[in-house]
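Counting from 6, one number per residue, gives the positions in the sequence shown under the numbering used here.
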Amino acid sequence: MRVAVIGSGYVGLVAAACLAELGHEVVCVDNDLAKISALNSGQTLIHEDYLQELLDRHRGNKLLFSSSLINAVRESLVIVIAVGTPAAATGEADLSYVESVTREIARSADGYKIIVEKSTVPVYTNAWICRSMVLNGCRQESFDVVSNPEFLREGTAVSDFLYPDRIVVGANTKRAAAAMRELYAPLVDGSYSQREGAVPRPDGVKVPPLYLETSAQSAELIKHASNAFLAMKISFINAVANIAEAVGADIEDICRGMGSDSRIGLRFLRAGIGYGGSCFPKDVAAFQSVAREYGYQFKLLDEVRRINEDQLQRFLKKVRSALWTLKNKRLAVLGLAFKSGTDDVRESPAIQVIEGLLREGCQICAFDPAAVARARGILGESVEYAPDPYSAIKGADALLILTEWKEFAALDLKRVRELLNYPIVLDGRNLYSVEEMAKAGLNYYSVGRTPLEISHPIVVEQRVAKS
Ligand code: UGA
6 MRVAVIGSGY VGLVAAACLA ELGHEVVCVD NDLAKISALN SGQTLIHEDY
56 LQELLDRHRG NKLLFSSSLI NAVRESLVIV IAVGTPAAAT GEADLSYVES
106 VTREIARSAD GYKIIVEKST VPVYTNAWIC RSMVLNGCRQ ESFDVVSNPE
156 FLREGTAVSD FLYPDRIVVG ANTKRAAAAM RELYAPLVDG SYSQREGAVP
206 RPDGVKVPPL YLETSAQSAE LIKHASNAFL AMKISFINAV ANIAEAVGAD
256 IEDICRGMGS DSRIGLRFLR AGIGYGGSCF PKDVAAFQSV AREYGYQFKL
306 LDEVRRINED QLQRFLKKVR SALWTLKNKR LAVLGLAFKS GTDDVRESPA
356 IQVIEGLLRE GCQICAFDPA AVARARGILG ESVEYAPDPY SAIKGADALL
406 ILTEWKEFAA LDLKRVRELL NYPIVLDGRN LYSVEEMAKA GLNYYSVGRT
456 PLEISHPIVV EQRVAKS
């Protein structure tokens, strides 16, 4: 099929590369000329597993990059809208990019088109797109609009696209529904996973996935409700972590105990410094705003957001109480990205913790395997950036772990202890067991677990040794 993908951000670029991988002729359009020329010259722009391979495999044949929306629309049957829907000041989604793209599609279309709405949008956006197409001169029967939300996670976006749990399609006509089945055929019949050279199938994924056809409104609500539910799961476990800490229980044991109930499940039950990223914070607020607009006060989500904000403050408090005073303390920070596997720092809890610590007069030396360049865009030179974890740790008064990168869970603890001024580790992602840290002689403060108090003798011993 001939497909145009409008937008080359996380969703657009991954969708374009994956649709080409499924065998379609894809053109990915963006009005940012610098981005298009970077993509044409072989750059990947974002850090995603397998993306580079897919771009290298299809660029110039099945996958083209262009700044001409008119040509892309004219040459394609399916037009995927994957532009940003940032949060407006009120929390609701700002749909101005979706609207202007719709207008351009309407003015460029010269035959029947299927417009696929993939951006995360509030309910009834599908209906608004239809209206806008007609207002901009398209006959009702010359297009269909399909809601086809994306559930991919940054870092594993390519695997998520090619091995989804479900594909949700909200199409209002048989013609559009049939075209969507054709678009996803290699995933729906399971043939993609059998292909030579296919992106490997992740463990535990069911092939073929559930293919769910619904109304447009249901498809739109499925996306917002899924993200809000996952955010709620994280806030729930963070609230339980706070109780666990107060009563001397262990949140990791609690998660194992709760998560082994198949109705609850272990995933998204990791306690920490809260959720971030470009999706959860924005989508929880946008879902509340949609609910409000249609007469329902979704107060549960107020609490989800409040717990998330509180979690960060609680961690800062922990740093304060582990270090006594913060002014002029030198802190090593491991992790800048909002989660592991990505270079994205939007709404990153790690950046928010760093900003809080800088306000209190700390000096920070940070390391992240992928996100330094993007973090520099926010933090500038207010922090030092180390080339590896151990250079960041050397001479620091404490180590803070803020992102759950795998390599941060495998540090040489003996070396960490030798390099730190004081043996203090604050882990906002619970990457180590309390016992293992105590054995390494490190005072370890994590989330939802009682620290094993070994602090005073060691701190004194270190200080004496240094003086
Ligand atoms: C999220 C959803 O998981 C995707 O299904 C969805 O498609 C995407 O938003 C979107 O709407 O585009 P993403 O933002 O990439 O994906 O990241 P997640 O893996 O969901 O993590 C979000 C945040 O929650 C991160 O800060 C992560 O560290 C935190 N988290 C996650 C926890 O604190 N605990 C957990 O157990 C899981």
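Where a beta carbon is used, it is the ideal one built from N, C-alpha and C, also for glycine.
Beta-carbon gap between residue i and residue j smaller than 7 Å
i: A181; j: I119; result: yes
i: T95; j: K228; result: no
i: H5; j: D393; result: Nothing can be reported for residue 5: it is not among the residues displayed for the chain, which extend from 6 to 472.
i: P428; j: R420; result: no
i: G281; j: F320; result: no
i: A244; j: N131; result: no
i: L457; j: A443; result: yes
i: I278; j: Q316; result: yes
i: A39; j: V31; result: no
i: R351; j: S283; result: yes
i: L405; j: L336; result: yes
i: N247; j: F285; result: no
i: V10; j: A111; result: no
i: V150; j: L226; result: no
i: S326; j: L363; result: no
i: G160; j: G433; result: no
i: L56; j: T49; result: yes
Buried versus exposed, by CB contacts within 10 Å (16 or more), residue i
i: F372; result: buried
i: K287; result: buried
i: P205; result: exposed
i: Y301; result: exposed
i: P354; result: buried
i: V252; result: exposed
i: A230; result: exposed
i: I239; result: buried
i: K304; result: exposed
i: L217; result: exposed
i: F234; result: exposed
i: D307; result: exposed
i: L416; result: buried
i: D35; result: buried
i: D61; result: exposed
i: T107; result: buried
Alpha-carbon spacing of residue i relative to residue j, whole angstroms
i: Q195; j: Y450; result: One detail in the question is off: residue 195 reads as Gly in this sequence, not Gln. The alpha-carbon atoms of G195 and Y450 are separated by roughly 46 Å.
i: L188; j: D258; result: 44 Å
i: R79; j: A190; result: 24 Å
i: P213; j: L192; result: 6 Å
i: P169; j: V324; result: 39 Å
i: S72; j: I242; result: 45 Å
i: S152; j: A20; result: 15 Å
i: Q199; j: D208; result: 15 Å
i: L341; j: T408; result: 7 Å
i: L82; j: F70; result: 17 Å
i: V8; j: K332; result: 56 Å
i: A236; j: I84; result: 30 Å
i: L74; j: Y197; result: 29 Å
i: V163; j: G361; result: 34 Å
i: V173; j: E365; result: 47 Å
i: A276; j: A22; result: 34 Å
i: S438; j: K411; result: 15 Å
i: I269; j: D165; result: 21 Å
i: R158; j: N141; result: 34 Å
i: G175; j: L27; result: 21 Å
i: E250; j: A397; result: 29 Å
i: S147; j: Y117; result: 5 Å
i: L271; j: V309; result: 19 Å
i: A291; j: A98; result: 6 Å
i: E389; j: S267; result: 45 Å
i: R64; j: S13; result: 14 Å
i: F156; j: V16; result: 9 Å
i: K67; j: Q368; result: 49 Å
i: I312; j: S105; result: 36 Å
i: E298; j: V289; result: 14 Å
Per DSSP, the bridge partner or partners of residue i
i: Y216; result: I172
i: F70; result: C33
i: N448; result: I429
i: S152; result: E122, G175
i: A371; result: V338, Y390
i: R420; result: DSSP, once it has assigned bridges, lists no residue as partnering R420.
i: A98; result: A92
i: I86; result: I11, E122
i: V404; result: Looking at the sequence itself, residue 404 is Leu, so the reference to Val does not match. Paired residues: A337, V430.
i: R64; result: L68
Chain D within 7 Å of residue i, Cβ atoms only
i: C284; result: Here chain D cannot be found, since the structure has a single protein chain.
Residue i Cβ short of 6 Å to ligand 3 heavy atom set
i: G14; result: The model on display carries ligand 1 but not ligand 3.
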